[in-house]
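In our numbering, the protein residues as written are 10 to 523.
Structure representation (structure tokens):
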């Protein structure tokens, strides 16, 4: 049997265009580690391992790593289990699912990681269904089909031997035939597109810890799970994998059953309340979580890069001021320049050869949203967008927000434009981090990155008018501002108490200004 060669350069997140190998009709080559974080629940863990003992995936390419997250009494290995099964402890001083997952992956030996909860029984083809995607590339994130079963093991007759036999016979679903089963796994993103994941902007939201797989390479590239998140780390991991170019796919043949109701269902509001501040700080693409006006967050939504090298203060100040005053608050500005060359040696202030560079630094050094760097940062992730602006390109107040919205609406990996000016076109480029990362992963040696980016996400070119001020619009804005100030002055002069309280000389100065 030959492994198929699927089209690797899938546009955006069009997982429906992929045809993974048919189950039972391909040859596995990669070692798979099933990582199961657990805290107590020995009875459910026994059933999970029993289902893993009956997988169609080759036993010599499969291992199970159970992470005991401080259970009392400690977890033990049951008799019915995969031959290569180990229990490892969480890292010293760490606790929680996120830390346990990271410890398990650190102890695992597989190229492919299948992450399972310790209360999820899987179909006999579950591991095979996940693994077939990863034979085609190292950038897939695959979500299994999860159902929630209303079950009480204290009164149920399920035992490991029965589970193993049913799974081996392809009759896992029959174990729960007389139970209430829900299909909460099919989140709206999957349902709306007929079982596939197509929305490239929000695809990461389908990531869940109960049944997900990815390559070790992808996991390490994105930085792994955030151990500081007691809840919601699965969505955060999905988001960060997306920023490293992951393509998300939902595989209905990777069937699994959660033994008990979801916490999100039984304590939905409590769970949402707990997760919100953690997710809001880390996942800027969840825009609804950042509804507070003017707030700064741990991970900005857009990084704006302005090269101040050799530039005068005025155009840099105009650009950065407009960015900082815009309707999009969760941004950071990076000013590039030879900042290390600025010294405190004696120099005639107005004859300073680095006068403008010094003035630029002094202008913005007190703003926490502005960073000074010698060169552009090599890694943009986890920031989802990077906007490169020439000094003098001045966004409208809502220009940056509307530009990003345009990139999302058009599903573009890059948007380019140029703002006309007296010194020539001022180049503007908005890059989507996820798109560039995918293009980098798929680029062949010597191949042009922009050509790959065009193929997998698309590059758009547009007129700057909706987003940036032209010379004419700047002048008009100044005229409007002066007219407003004149009107305010007229109102001020018409107020008798003000006329009496203001010196005649001060009123004269105001009239001359406006």
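Cβ atoms here follow ideal geometry from the backbone N, Cα and C, with glycine treated the same way.
Mind checking whether residue i and residue j have CB atoms under 9 Å apart?
i           : j           : result
residue 409 : residue 380 : no
residue 342 : residue 24  : no
residue 372 : residue 322 : yes
residue 215 : residue 245 : no
residue 114 : residue 158 : no
residue 266 : residue 121 : no
residue 111 : residue 247 : no
residue 21  : residue 470 : no
residue 394 : residue 440 : yes
residue 351 : residue 363 : yes
residue 78  : residue 109 : yes
residue 181 : residue 264 : yes
residue 289 : residue 173 : no
residue 467 : residue 404 : no
residue 269 : residue 242 : no
residue 168 : residue 224 : no
residue 19  : residue 465 : yes
residue 95  : residue 73  : yes
residue 209 : residue 127 : no
residue 428 : residue 478 : yes
residue 97  : residue 222 : no
residue 236 : residue 133 : no
residue 125 : residue 176 : no
residue 40  : residue 105 : no
residue 213 : residue 294 : yes
residue 17  : residue 298 : no
Please determine, among the options, the residue with the shortest C-alpha to C-alpha distance to residue i.
i           : options            : result
residue 107 : 176, 317, 238      : 238
residue 383 : 65, 135, 359, 347  : 347
residue 443 : 423, 161, 455      : 423
residue 42  : 136, 308, 367      : 136
residue 402 : 222, 324, 458      : 324
residue 27  : 317, 141, 313, 299 : 141
residue 165 : 187, 338, 415      : 187
residue 438 : 451, 449, 455, 415 : 415
residue 162 : 178, 185, 179      : 185
residue 138 : 29, 336, 304       : 29
residue 386 : 316, 453, 105, 427 : 316
residue 103 : 82, 76, 405, 119   : 76
residue 391 : 17, 87, 310        : 310
residue 250 : 236, 228, 54, 235  : 228
residue 38  : 175, 430, 145, 295 : 145
residue 170 : 61, 463, 143, 125  : 61
residue 524 : 64, 48, 35         : Here the chain covers residues 10 to 523 and nothing more, so residue 524 does not appear.
residue 253 : 46, 495, 449, 134  : 449
residue 85  : 429, 411, 52, 63   : 52
residue 340 : 314, 359, 358      : 314
residue 207 : 175, 255, 222, 304 : 255
residue 277 : 301, 240, 299      : 240
residue 320 : 17, 213, 367       : 367
residue 590 : 156, 230, 183      : Residue 590 lies beyond the range of the chain shown here (10 to 523); nothing can be said about it.
residue 300 : 406, 54, 338, 452  : 338
residue 463 : 304, 445, 297      : 445
residue 50  : 35, 17, 349, 87    : 87
Tell me the DSSP bridge mates of residue i?
i           : result
residue 1   : The question about residue 1 has no answer, for the chain in this structure spans 10 to 523.
residue 382 : 345
residue 442 : Residue 442 is not bridged to any residue.
residue 315 : 344, 398
residue 469 : 424
residue 44  : 74, 124
residue 260 : 153
residue 437 : 398, 426
residue 220 : 125
residue 477 : 404
Would you say residue i touches the ligand HEM, meaning its beta carbon is less than 8 Å from a heavy atom?
i          : result
residue 74 : The ligand content of the structure shown is nil, which means the ligand HEM is not present either.
Validate contact between the segment 323-337 and the segment 390-409 using beta carbons, cut 8 Å, 3 pairs: yes
Any 3 or more C-beta pairs closer than 8 Å across the segment 55-69 and the segment 84-93: yes
Cβ pair count under 8 Å reaching 3, the segment 279-288 against the segment 463-475: no
At least three beta-carbon pairs within less than 8 Å, the segment 145-153 to the segment 250-270: yes
Runs of alpha helix (DSSP H) wholly within the segment 63-148 (minimum 4 residues, chain order): 106-116, 135-143
Ordered list of beta strand (DSSP E) runs contained in the segment 322-375, each at least 3 residues: 340-345
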